[in-house]
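These notes concern the structure reproduced below.
Residue numbers (full-length UniProt numbering): 1 to 432.
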């Protein structure tokens with residue numbers, strides 16, 4: 001007789017297809033959402049149950065105290081009714097009393113009447129107390145449900161808004177409760193959070209668009225130049241290679257500036273702070289820019305009569321001054337560009353001032369924004385190096401990361417003026 005084997009279960013590919021198509025993840029999200037809603041409902045039920053139990057305890061305690069007070073009141077009025085006490089066991093008419101005399105018929109009648117009165121009063125009091133307790137408990141449950149709903153409603157709105165925020169919705173603003181309580185503070189904090197996240201999201205989208213634009217321009221130039229050389233339209237000579245090299249340098253500078261700015265703003269950059277002489281730093285900066293300044297008809301002047309001690313990382317400070325001076329040479333009219341160092345209270349200040357057209361009102365408010373460039377017709381590129389649009393943003397990030405401040409304004413006599421303020425130091429501790 002042939003042995004029969006159980007047929008293996010048929011492979012069901014539907015769960016795998018659901019997992020690959022993303023349906024499984026959607027179901028998991030929906031399950032988590034439903035679970036969170038159940039938790040929210042459970043909180044409401046727990047609060048209602050807690051309030052109801054507290055009300056029940058209060059009703060029972062009140063009923064017990066009421067009955068006890070009623071019996072005491074009856075004991076007080078018992079002598080007026082010809083009775084000694086409603087506690088018949090301690091009455092002299094009680095057969096359990098050691099002082100009980102030989103009772104007459106009238107005494108037995110009084111004892112019976114006294115016992116009936118006590119039982120009737122007790123039953124009436126307990127019946128009234130139980131009825132009051134029942135209706136009081138029902139009223140307490142209803143009131144507890146209403147109060148709990150009023151308490152949990154703003155929390156439910158906050159939870160729903162948080163889920164919408166998690167789903168990607170940023171422009172969320174909840175109505176502010178009129179009461180000055182913790183729920184109002186929580187709502188204000190949530191609205192502030194959504195506003196900040198919306199601003200960051202808009203800034204991130206703008207940043208990505210600016211990066212894409214600034215990367216696309218040199219890449220398009222490289223592509224067109226290379227294709228023209230391949231087609232024989234442009235010769236592959238030194239001039240063409242120099243143009244290609246310039247676009248590659250711009251790309252490299254853009255990537256380097258983005259990395260520097262990201263590290264400075266995130267706090268991940270290392271700073272080796274020393275006590276420096278600001279005048280000496282400016283003197284070391286000037287020789288590298290004399291040729292570029294001469295090409296655009298600019299004269300660099302330095303005003304630092306006395307040592308000015310400041311606390312900063314020498315390399316990062318030099319990078320800040322490079323960016324400021326490059327910006328001045330890009331916009332300055334022929335004439336002097338003044339560099340100076342001086343003390344201002346606890347701050348050591350370095351100033352770069354040109355005699356160019358200065359800032360327009362719109363340009364001044366956006367001077368330190370990423371990738372923001374003023375009117376291209378008023379700029380030039382000294383040394384043939386185009387700006388990445390990040391120089392001033394990097395200068396601000398590096399200055400603030402070292403505990404300093406940077407300011408841009410128009411000088412009353414004309415031209416733009418940048419002032420870098422850094423914590424001052426002791427002159428005797430200046431690093432060699």
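Where is the CB? At the ideal position from N, CA and C, for every residue including glycine.
Query                                                                                                 : Result
Cα-Cα separation between residue 171 and residue 141, rounded to whole angstroms                      : 39 Å
DSSP-derived helix/strand/coil call for residue 411                                                   : coil
Selection from 130, 403 and 364 that minimises the alpha carbon distance to residue 267               : 403
Below-8 Å beta-carbon distance, residue 310 vs any chain C residue                                    : Going by chain labels, chain C is absent from the structure shown, which holds only one protein chain.
Own chain residues within Cβ distance below 8 Å of residue 261, not counting five before or after     : 370, 390, 393, 394 and 397
Simplified DSSP state of residue 174, which is helix, strand or coil                                  : coil
Residue 426 (DSSP reduced to helix, strand or coil)                                                   : coil
Sufficient close CB pairs (3 or more, under 8 Å) joining the region 151-158 to the region 57-70       : no
Exposure of residue 235, with buried meaning 16 or more beta-carbon neighbours within 10 Å            : exposed
Beta-carbon proximity of residue 320 to residue 328, cut-off 8 Å                                      : no
Collapsed DSSP secondary structure at residue 398 in the structure displayed                          : helix
Bridge-paired residues (DSSP) for residue 341                                                         : 350
DSSP state of residue 420 mapped onto helix, strand, coil                                             : strand
7 Å Cβ shell around residue 54 - same chain, five flanking residues per side excluded                 : none
Per-residue burial, residue 135 [other beta carbons within 10 Å of its own, 16 or more giving buried] : exposed
Contact set for residue 97: own chain, Cβ-Cβ below 6 Å, skip 5 residues either direction              : Residue confidence is low: residue 97 scores 47 on pLDDT, short of 50, so the model does not pin down where it sits. No coordinate-derived value is stated.
Contact under 8 Å by Cβ, residue 341 with residue 278                                                 : yes
DSSP three-state assignment for residue 378, whether helix, strand or coil                            : Here residue 378 scores only 49 on pLDDT, less than 50, and its place in the model should not be relied on; the value that follows carries that caveat. Correct three-state label for residue 378: helix.
Coil, strand or helix - residue 267 by DSSP                                                           : coil
Cα-Cα separation between residue 417 and residue 254, rounded to whole angstroms                      : 25 Å
Proximity to residue 241 [Cα-Cα], best of 252, 226, 250 and 345                                       : 226
Beta-carbon proximity check, residue 56 vs residue 151, cutoff 8 Å                                    : no
CB contact flag (residue 219, residue 310, <8 Å)                                                      : no
For residue 50, the three-state DSSP class (helix, strand or coil)                                    : helix
Where residue 206 falls, given that 16 or more other Cβ within 10 Å makes a residue buried            : exposed
Sequence ranges, beta strand (DSSP E) only - wholly within the region 184-225, length at least 3      : none
For residue 13, the three-state DSSP class (helix, strand or coil)                                    : With a pLDDT of only 47 at residue 13, under the threshold of 50, the placement of this residue in the model should not be trusted, and no figure is reported.
Residue 90 (DSSP reduced to helix, strand or coil)                                                    : Residue placement at residue 90 is poorly supported in this model, since its pLDDT is 46, which falls under 50; the coordinates still yield a value, given next. In this structure, residue 90 counts as helix in the three-state DSSP scheme.
Rounded straight-line distance, which links the Cα of residue 350 to that of residue 276              : 12 Å
Under the three-state DSSP convention, the category residue 248 falls into                            : helix
Extent of the continuous alpha helix (DSSP H) to which residue 274 belongs                            : Segment 274-277 is the beta strand (DSSP E) holding residue 274; no alpha helix (DSSP H) there.
Nearest-angstrom Cα separation, counted from residue 284 out to residue 322                           : 11 Å
Span separating the alpha-carbon of residue 415 from that of residue 162                              : 49 Å
Extent of the continuous alpha helix (DSSP H) to which residue 293 belongs                            : 290-295
Per-residue burial, residue 185 [other beta carbons within 10 Å of its own, 16 or more giving buried] : exposed
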